[in-house]
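Trainee: In my numbering, the protein residues as written are 11 to 824. Glycine included, every Cβ here is placed at the ideal spot set by N, Cα and C. Given the structure is predicted, the values throughout are model-derived calculations rather than measurements.
1. With DSSP as the reference, label residue 249 as helix, strand or coil.
2. Going by the beta-carbon positions, is the gap between residue 252 and residue 80 smaller than 7 Å?
3. Pick helix, strand or coil for residue 503, following the three-state DSSP scheme.
4. Between the region 665-684 and the region 737-751, do at least 3 Cβ pairs fall closer than 8 Å?
5. Extract the residue ranges of the beta strand (DSSP E) inside the region 165-209, only unbroken runs of 3 or more that lie entirely within it.
6. Near residue 505, what residues of its chain come up, given a Cβ to Cβ distance below 6 Å and the 5 sequence neighbours on each side ignored?
7. If you draw a straight line from the C-alpha of residue 273 to the C-alpha of residue 424, how long is it?
8. Which value, in whole angstroms, describes the spacing of the CA atoms of residue 103 and residue 387?
9. Could you work out which residue in 146, 59, 147, 178 is closest to residue 161 when comparing CA atoms only?
10. Rounded to a whole number of angstroms, what is the C-alpha to C-alpha distance between residue 692 and residue 549?
11. Helix, strand or coil: how does DSSP classify residue 87 here?
12. Alpha carbon to alpha carbon, how far is residue 699 from residue 736?
13. Identify whether residue 801 lies in helix, strand or coil by the three-state DSSP scheme.
14. With DSSP collapsed to three states, give me the class of residue 72.
15. If I follow the unbroken beta strand (DSSP E) through residue 567, where does it start and stop?
16. Taking residue 349 as the reference, give the member of 194, 429, 725 with the closest Cα.
17. When the distance is taken between beta carbons, is residue 45 closer than 7 Å to residue 598?
18. Considering just the uninterrupted stretch of the beta strand (DSSP E) at residue 224, what are its terminal residues?
19. So what's residue 160 in DSSP terms, helix, strand or just coil?
20. When the Cα of residue 123 is compared with those of 270, 498, 434, which residue comes out closest?
21. Three-state secondary structure (DSSP) at residue 637?
22. Rounded to a whole number of angstroms, what is the C-alpha to C-alpha distance between residue 626 and residue 61?
23. Let me make sure I understand the geometry here. Which of 193, 194, 228 has the alpha-carbon closest to that of residue 129?
24. Measuring only the C-alpha atoms, how far is residue 476 from residue 467?
25. For residue 298, which of 187, 480, 341 has the nearest alpha-carbon?
26. At what residues does the beta strand (DSSP E) containing residue 711 begin and finish?
27. Please report the distance separating the alpha-carbon of residue 113 from that of residue 502.
28. Using C-beta distances below 8 Å, list every residue in its chain close to residue 184, excluding the 5 sequence neighbours before and after it, in chain order.
29. Which whole-angstrom value describes the C-beta separation of residue 513 and residue 136, a residue pair presumed to lie in contact below a C-beta threshold of 8 Å?
30. By DSSP's criteria, residue 129 is part of a beta bridge. Which residues make up the other side?
31. Only counting runs of 4 or more residues, tell me where the alpha helix (DSSP H) segments fall wholly within the region 525-570, in order along the chain.
32. Here's the rule: buried if 16 or more other CB atoms are within 10 angstroms of the residue's CB, otherwise exposed. What is residue 543?
33. Name the residue from 532, 306, 147 whose alpha carbon lies nearest to the alpha carbon of residue 174.
34. Near residue 6, which residues of its chain fall below 8 Å by C-beta distance, leaving aside the five closest residues on each side in sequence?
35. Output yes or no for whether 7 Å exceeds the beta carbon distance between residue 535 and residue 775.
36. Per DSSP, residue 242 forms a beta bridge with which residues?
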């Protein structure tokens, strides 16, 4: 017998542990919908705030306009094609041109075409508007005396006719200047003249806007517009490039895009012309030198003929002439290469500011060392371009500039070293060919000495003549090529003013704000769902306890103000609350249907769950059925029964248990027949000891002999243990939960009372249920043995006098 009992207790304890561990892990859609409906006001508020945020953002955010131009990049040189010349310009690379247009070096040239040295503004209370090309005043002949004034806002006041007042702050010091409008205005930092393109203008006194202007620095302009310019290849096959510019001023965006397209066309022509001019300049220098040598050799040849009367070169052996000319041709080529290498070395060994790869690359065209030296020169040009760009933003003492200068010097030394190596090789080859020529000539020593001298003079003359002729041909070819070069870059689409802003986009702003509002709403609902820990229905009690707790019923929320006397069932016996207590009274029979007097003990987890309210009205409904009922207030720490009946609390259970008063002296009668009560009396220092004392047992025995039902209002067992002995002894131990007030973990207290104290008859009542709304879990619970009709719609409201179902069946209503 002992082992089965221990096994059963072990199974009950394991079930209890499992219920505590898995208290409620699944997602409850009904609870989520309930919380969602309760949060509709917050959801609506979040959506309204989202729309208001979108409207405020659109109202106080500057609009950004975009303008774009389409440029087609093409190059052709008809004269070079006719003459079958090697191109002397860099390769036609679309990506190279795009990178050039993206560079700050190119952007600096573009800004020189635009009137952006001075920017004019109107500052409002929130937004600032740039009056580009629409400013009523403009500065002419502006001269900056101190660069510290650049990028500093200068307030301007034109409210006085014929006068102008300026105010600005530089280095923490405020400067104020007043002068006549049409005279030259001079300040400590700049000087200039005001012009009014639209005629004399008087500023209206408008406190909402403040006009000012700013003298821009190159670095500030580049930093501003570099972020607003986008250059990309639109179609590689068609070689089209799209230039997009954004700005708050739509006219400025248009002008910037158009200026970039036009600047590139002009820059490309300038770049190609400069390269051709460098080649022609080099040819002219060489031509003058060779012309002097040719003239000198010609005079020597004529003088030799006249003095020595030597036979013509036709008398020499044809083989000698052919071989000699072959050597001479090679010597000419090597001599030109040496001259070119010397020129490259001379042009490279200059200060970085005077070096240009575009001047050097054409010198190498057609030579054997074009590829090797050309790569080194290309790398040098890239470093020089970087140097040009970085000097726009930094000084010579900047570490990045020093590092770049060092890299340029290293690259120059590499080029000079390579050129010297090529010079040595070429010179060696020239010496070798010259030696071969001398050796070949030595084989003809038998020829007359004077004829040999004549041949030598004639050979020098021939070399100079060929060299000079080649230079003339090259000069003519490059002149024709330069004249034949026409840049076919064209603007396929001019930039236009776009009044429709690209930012902010109204639809996108509204969608984003509404989406953010919905996300916030969802977060709020999910947060409320996650932190929600209140019991809302009897279904919660059944689910969280795995239906191990008996359920007597639920008491609806009293919509009106509860009167001082908490006894409500006698005010309107047909009310919904009265019917709910009748249902609970009936369901008590399922707990214990034996005959004899019954002890009812009511408790809860904490104060405020309606324990006293349920005790008074349950006692009243039982008395209403003809039973003799007495209520004992054992919550001696916080008594409330005397408040419910509106009496004094000068004597009661505390004075009765210590023997100060007798039972007859403490029992008081209510206005309802058959219902008596004993208040708690003055608060004692030891309520726990009084409750478990022997006098308490004698009082209960006497009351059970005189009354049908003794209903005890115990203190909350979640706070103190005073009421536990009475709960263990009671025939009807009742536990009170309050909807939307009691926490779900309170159910663990009931589990603990049942499993740890073996209170198997313990049942619960859910108090304060709002039945007027379609509430989460409201339709649950009719299978728990307490149902008293098909919902609360069966005529149990206060305005309808119909009888309750259980009251009709039992016939116990008065």
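Mentor: Concretely, from the data shown:
1. coil
2. yes
3. strand
4. no
5. 173-180, 183-190, 200-205
6. 77, 79, 264, 267, 268
7. 35 Å
8. 18 Å
9. 178
10. 40 Å
11. Residue placement at residue 87 is poorly supported in this model, since its pLDDT is 48, which falls under 50; the coordinates still yield a value, given next. In the structure shown, residue 87 sits in a strand (DSSP, three-state: E or B).
12. 13 Å
13. A caution first: residue 801 carries a pLDDT of 34, below 50, which makes its placement in the model unreliable, though a value can still be read off. DSSP places residue 801 in coil when its eight states are reduced to three.
14. coil
15. Looking at the DSSP string, residue 567 is not in any beta strand (DSSP E), and its letter there is neither H nor E.
16. 429
17. no
18. 220-225
19. coil
20. 270
21. coil
22. 52 Å
23. 228
24. 14 Å
25. 480
26. That residue, residue 711, is in no beta strand (DSSP E); its alpha helix (DSSP H) goes 704-716.
27. 22 Å
28. 177, 178
29. Actually they do not touch by this definition, with Cβ atoms about 17 Å apart.
30. 224
31. 548-554
32. exposed
33. 147
34. This structure does not reach residue 6, given that the chain is present from 11 up to 824, and the question cannot be answered.
35. no
36. 252
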